[in-house]
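Asks: What follows is a structure written as structure tokens; I'll ask about it next.
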Amino acid sequence: MADRENAELVFAPLGGVGEIGMNFALYGYGPADAREWIVVDVGVTFPDTAHPGVDLILPDTRFIEENIDGLRGIVITHAHEDHYGALLDIWPRLKVPVWMTPFTAGLLEAKRQGEQGAPKIPATIYRAGEKFTIGAFEIEAIPVAHSIPEPMSLAITTPAGTVIHTGDWKIDPAPTIGPKTDEARFRAYGDKGVLALICDSTNALREGDSPSEVAVGEGLKGVIENAKGRVAVTTFSSNVGRIVSIARAARDAGRQCLVLGRSLKRVIDVAGELGYMDGLPEFITEEDYGFIPRENLVIICTGSQGEPLAALAKLSRDEMKSVALTAGDTVVFSSRTIPGNEKAILEIKNRLIDLGMKIIEDGDALVHVSGHPRRSELRKMYEWVRPQIGVPVHGEAAHLVAQGSLMSMSGIGQVAQVRDGDMLRLWPGPATIIDQVPFGRLYKDGFLIGTDQAMGIRDRRKLSFAGHVAVNVVLDEKYELAGDPDLVAIGVAEADASGETLEDLMLDAAIGAVDSIPRQRRKDLDLVQEAVRRAVRGAANEAWGKKPLVTVFVTR
Numbered sequence: 001m002a003d004r005e006n007a008e009l010v011f012a013p014l015g016g017v018g019e020i021g022m023n024f025a026l027y028g029y030g031p032a033d034a035r036e037w038i039v040v041d042v043g044v045t046f047p048d049t050a051h052p053g054v055d056l057i058l059p060d061t062r063f064i065e066e067n068i069d070g071l072r073g074i075v076i077t078h079a080h081e082d083h084y085g086a087l088l089d090i091w092p093r094l095k096v097p098v099w100m101t102p103f104t105a106g107l108l109e110a111k112r113q114g115e116q117g118a119p120k121i122p123a124t125i126y127r128a129g130e131k132f133t134i135g136a137f138e139i140e141a142i143p144v145a146h147s148i149p150e151p152m153s154l155a156i157t158t159p160a161g162t163v164i165h166t167g168d169w170k171i172d173p174a175p176t177i178g179p180k181t182d183e184a185r186f187r188a189y190g191d192k193g194v195l196a197l198i199c200d201s202t203n204a205l206r207e208g209d210s211p212s213e214v215a216v217g218e219g220l221k222g223v224i225e226n227a228k229g230r231v232a233v234t235t236f237s238s239n240v241g242r243i244v245s246i247a248r249a250a251r252d253a254g255r256q257c258l259v260l261g262r263s264l265k266r267v268i269d270v271a272g273e274l275g276y277m278d279g280l281p282e283f284i285t286e287e288d289y290g291f292i293p294r295e296n297l298v299i300i301c302t303g304s305q306g307e308p309l310a311a312l313a314k315l316s317r318d319e320m321k322s323v324a325l326t327a328g329d330t331v332v333f334s335s336r337t338i339p340g341n342e343k344a345i346l347e348i349k350n351r352l353i354d355l356g357m358k359i360i361e362d363g364d365a366l367v368h369v370s371g372h373p374r375r376s377e378l379r380k381m382y383e384w385v386r387p388q389i390g391v392p393v394h395g396e397a398a399h400l401v402a403q404g405s406l407m408s409m410s411g412i413g414q415v416a417q418v419r420d421g422d423m424l425r426l427w428p429g430p431a432t433i434i435d436q437v438p439f440g441r442l443y444k445d446g447f448l449i450g451t452d453q454a455m456g457i458r459d460r461r462k463l464s465f466a467g468h469v470a471v472n473v474v475l476d477e478k479y480e481l482a483g484d485p486d487l488v489a490i491g492v493a494e495a496d497a498s499g500e501t502l503e504d505l506m507l508d509a510a511i512g513a514v515d516s517i518p519r520q521r522r523k524d525l526d527l528v529q530e531a532v533r534r535a536v537r538g539a540a541n542e543a544w545g546k547k548p549l550v551t552v553f554v555t556r
């Protein structure tokens, strides 16, 4: 237990506060020079066109690595990628005990087996309602409703008081597979006194209450019953409750289900082992597809975010070996669009429409509901917990500010607006940002992990914008050009507006740069190299309006 003398309780997010995804929260207790720390969640976010070639984006953990002697453990609230997806890559840097639920542990193991060289992480299993101690922190897992099995809020208690870390949650009176959000436990903590509420802000801009998953099941059932041909439904792989809703709706409509997509099959296998798929008919195989009449089939598939290699994208390109969609079939997007994926999703929808498909999304029928609380649900949480301090997390600036205002209007005395890298002192005294700690992003790129500079991502962006030119200059013993330089341009325009080739223009500029340097000064090969680089970039810019990356080799 950390020494109480000069002790402080601090909260320091390294991801997920000021952005959607990549959740990584630190809680520290003790004197500034001897704190004990725990990590809550180790999530990823996903690359976009600004990160060419990158596989995953991970939180930069250098701050806690520098304080590794005080790190006591990691707690995972649930198995969504933005909360646990970086664990296999980050854990070898930290190597501390990890606590997670049975479903999260099962999904992590299945994921590990699919990744070459992934570490075996020793996990301690916890379940809803259980308490466990990690260093100075006593933690109780409080079950909440969300769009995945076994989501938990955490009541984190130290000598400074209790912090409620909600994780992802909502209030759903009729979840498909449970649990319900445990109002009684939140109220019990509120009665004892809660120092701070660290609360999900994802839907803080939306008024009212989120619809129930049962209502989504009814909406899906109506769509499936009214469809004339096949029905393909795409959703998040981890949303077991939605998969169950689709399977039940298909069963009630007299249809059989086919599952397409490796991640969906992996989740279903883990969920089945834990009993979440009990009572459902068996899914058919791809080999059975040709024997099932169109009007008797529902396909559950990956690809709701426009992933180019997912099952739905392949169906839209008619690239699957055994399964195809035909004109008159219905495709249901039972998911929300993650910001940044709009274009990829639209391309798939347009291809499907060109093939004669009917597209149904949330605006057409109740086929999706969020797993996060709207404003009325947030107010209920404040009423249950009655915290001294409110801290909005899990969201972009607009979401955080919206929830901060709601907290203030709901009577929470102190509201702390923090962003990634802020160290917020929760106790003693008023909530105050007392420090800025290193934070940022690491990039998983093939088998390697590093900063954008270490992985060459900045240069890739430049390459994607203006291409690359390689120039080889050879000088003879008198430091004269030994023939024309060799020049190779990749991703560069072929000719200028008058039709003259850019390679010729850049080659002339390289020769002119060498000729402009007095012979005695050409002994400085670095000088020659930089002069040629500048001249080639300048010639390209003058003719084309863009400056490619230029690499120059000078030899004698």
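Under UniProt numbering, the very last position in the sequence shown is 556; numbers go up by exactly one each time. In this text, a Cβ means the ideal position worked out from N, Cα and C, and glycines have one as well.
Quick test of the definition: if touching needs 3 or more C-beta pairs under 8 Å, does the region 302–319 touch the region 341–348?
Replies: Yes, since at least three Cβ pairs between the region 302–319 and the region 341–348 fall closer than 8 Å, the two stretches touch.
Asks: Tell me which same chain residues have a C-beta within less than 7 Å of the C-beta of T285, skipping the five on either side of it?
Replies: On the sequence shown, residue 285 is found 285 positions in, with the first residue counted as 1. Contacts found: none.
Asks: Using beta-carbon positions only, say whether A128 and T104 come within less than 7 Å of one another.
Replies: The residue given as residue 128 occupies position 128 in the sequence shown. The residue given as residue 104 occupies position 104 in the sequence shown. Not closer than 7 Å, so no.
Asks: So, does the CB of G114 fall closer than 7 Å to a CB anywhere in chain B?
Replies: In the structure shown, chain B cannot be found, because there is only a single protein chain.
Asks: Count the other CB atoms within 10 Å of the CB of K444; is the residue buried (16 or more) or exposed (fewer)?
Replies: Position 444 of the sequence shown holds residue 444. By the neighbour-count rule (16 or more Cβ atoms within 10 Å), K444 is buried.
Asks: Express the C-alpha separation of G167 and G411 in angstroms, rounding to a whole number.
Replies: As a working mapping, residue 411 is identified with position 411 in the sequence shown. As a working mapping, residue 167 is identified with position 167 in the sequence shown. Going by the C-alpha atoms only, they are around 22 Å apart.
Asks: Can you have a look at P448 and say buried or exposed, based on whether 16 or more other CB atoms are within 10 angstroms of its CB?
Replies: Here residue 448 refers to the residue found at position 448 when the sequence shown is read from its first residue. Checking the sequence shown, residue 448 turns out to be Leu, not Pro. Counting Cβ neighbours within 10 Å, L448 comes out exposed, since fewer than 16 surround it.
Asks: Relative to the C-alpha of L487, which candidate in T551, R522, P438 and R379 has its C-alpha closest?
Replies: Residue 487 sits at position 487 when you count from the first residue of the sequence shown. Answer by Cα proximity: T551.
Asks: Beta-carbon within less than 7 Å of D459's beta-carbon, same chain only, minus the 5 sequence neighbours each way: which residues are those?
Replies: In the sequence shown, the residue the question calls residue 459 occupies position 459. Same-chain partners within the cutoff: L549.
Asks: Taking the alpha carbon of L481 as the reference point, which residue from S464, K349, G261 and A510 has its own alpha carbon closest?
Replies: Mapped onto the sequence shown, residue 481 falls at position 481. Considering only alpha carbons, the answer is A510.
Asks: Tell me, to the nearest whole angstrom, how far the beta carbon of L220 is from that of S238; I am working on the premise that it is less than 8 Å.
Replies: On the sequence shown, residue 220 is found 220 positions in, with the first residue counted as 1. On the sequence shown, residue 238 is found 238 positions in, with the first residue counted as 1. Contact flag wrong, Cβ pair sits at about 18 Å.
Asks: On the DSSP letters alone, give me the boundaries of the alpha helix (DSSP H) that D435 sits inside.
Replies: The residue you call residue 435 lines up with position 435 of the sequence shown. Note, D435: premise wrong, no alpha helix (DSSP H); beta strand (DSSP E) at T432 to Q436.
Asks: Please report how far the alpha carbon of A249 lies from the alpha carbon of E287, in whole angstroms.
Replies: Taking the sequence shown and counting its residues from 1, the one referred to as residue 249 is at position 249. Taking the sequence shown and counting its residues from 1, the one referred to as residue 287 is at position 287. Spanning the two alpha carbons is a distance of roughly 23 Å.
Asks: Which ranges would you report for the alpha helix (DSSP H) in the region 430–507 if only whole runs of at least 4 residues count?
Replies: Qualifying alpha helix (DSSP H) stretches, in chain order: 457–466.
Asks: Going by DSSP in three states, E138 sits in which element: helix, strand or coil?
Replies: Translated into the one-based positions of the sequence shown, residue 138 becomes position 138. Note: E138 maps to strand in three-state DSSP.
Asks: Kindly give me the distance between the Cβ atoms of A489 and E503, rounded to whole angstroms, as I take these residues to be in contact under 8 Å.
Replies: Position 489 of the sequence shown holds residue 489. Position 503 of the sequence shown holds residue 503. Contact flag correct, Cβ pair sits at about 5 Å.
Asks: For G411, which three-state DSSP category applies?
Replies: As a first step, residue 411 must be located in the sequence shown, where it is residue number 411. In the structure shown, G411 sits in coil (DSSP, three-state: anything other than H, G, I, E or B).
Asks: Hey, out of K349, R336, L378 and R379, whose CA is closest to L366's CA?
Replies: As a first step, residue 366 is located in the sequence shown; it is residue number 366 there, counting from the start. Ranking K349, R336, L378 and R379 by Cα distance to L366 puts R336 first.
Asks: Name the DSSP bridge partner or partners of T162?
Replies: Against the sequence shown, residue 162 aligns to sequence position 162. Paired residues: T157.
Asks: Once you ignore the five residues that flank A402 on each side, which residues in its own chain have a CB closer than 6 Å to its CB?
Replies: Stepping through the sequence shown from its first residue, residue 402 is reached at position 402. Within the same chain, A402 has close Cβ partners A204 and L205.
Asks: With respect to the beta strand (DSSP E) encompassing P387, which residues constitute its N-terminal and C-terminal limits?
Replies: For the purposes of this step, residue 387 is taken as the residue at position 387 of the sequence shown. Where P387 is concerned, the enclosing beta strand (DSSP E) stretches over P387 to V393.
Asks: In whole angstroms, what separates the C-alpha of V471 from that of K462?
Replies: Here residue 471 is taken as the residue at index 471 of the sequence shown, counted from 1. Here residue 462 is taken as the residue at index 462 of the sequence shown, counted from 1. Each residue's Cα considered, the two are about 18 Å apart.
Asks: Thinking C-alpha only, which one of E81, I359, G261 and P392 is nearest R375?
Replies: To locate residue 375, count along the sequence shown from 1; it is residue 375. Looking at the Cα atoms, P392 is the closest of the given residues.
Asks: Enumerate in chain order the residues of its own chain whose CB-to-CB distance from P175 is below 8 Å, with the five nearest sequence positions on each side excluded.
Replies: Here residue 175 refers to the residue found at position 175 when the sequence shown is read from its first residue. Answer for P175: A145, S212, E213, V214 and G241, listed in chain order.
Asks: Give every residue of the same chain whose Cβ lies closer than 7 Å to the Cβ of G328, excluding the five residues on either side of it in the sequence, and list them in chain order.
Replies: By 1-based counting over the sequence shown, the position of residue 328 is 328. If we look at G328 and ignore the five residues flanking it on each side, its Cβ neighbours are K228, G229 and G356.
Asks: Hey, how far is the Cα of E65 from the Cα of L442?
Replies: Translated into positions along the sequence shown, residue 65 becomes position 65. Translated into positions along the sequence shown, residue 442 becomes position 442. So the two alpha carbons sit approximately 14 Å from each other.
Asks: Taking a contact to mean a Cβ-Cβ separation below 7 Å, would you say residue 559 touches A123 in this structure?
Replies: What is shown of the chain runs 1 to 556, which leaves residue 559 out entirely.
Asks: Can you check whether the CB of K170 is closer than 7 Å to the CB of P13?
Replies: As a working note, residue 13 is residue 13 in the sequence shown. As a working note, residue 170 is residue 170 in the sequence shown. Taking 7 Å as the Cβ cut-off, P13 and K170 do not qualify as a contacting pair.
Asks: Between the Cα of F465 and the Cα atoms of D33, P47, A25 and P52, which residue gives the shortest distance?
Replies: If you number the sequence shown from 1, residue 465 lands on position 465. Comparing Cα-Cα distances from F465 to each of D33, P47, A25 and P52, the minimum goes to P52.
Asks: Runs of 3 residues minimum, wholly inside the region 268–294: which ones carry the beta strand (DSSP E) assignment?
Replies: If we require 3 residues or more, the region 268–294 turns out to have no beta strand (DSSP E) run fully inside it.
Asks: What does T133 pair with, by DSSP beta-bridge criteria?
Replies: Residue mapping note: residue 133 aligns to position 133 of the sequence shown, counting from 1. E138.
Asks: By how many angstroms is the C-alpha of A196 removed from the C-alpha of H83?
Replies: Here residue 83 refers to the residue found at position 83 of the sequence shown. Here residue 196 refers to the residue found at position 196 of the sequence shown. Straight-line Cα distance between these residues: approximately 21 Å.
Asks: Measure the Cβ-Cβ separation of G18 and D422 and say whether it is below 7 Å.
Replies: Reading the sequence shown from its first residue, position 18 is the one you call residue 18. Reading the sequence shown from its first residue, position 422 is the one you call residue 422. The answer is no: Cβ separation not under 7 Å.
Asks: Report the three-state DSSP secondary structure of W37 (helix, strand or coil).
Replies: Locating residue 37 in the sequence shown gives position 37, counting from the first residue. Strand, per DSSP.
Asks: Do V554 and Q520 have their C-beta atoms within less than 7 Å of each other?
Replies: Locating residue 554 in the sequence shown gives position 554, where the first residue counts as 1. Locating residue 520 in the sequence shown gives position 520, where the first residue counts as 1. No.
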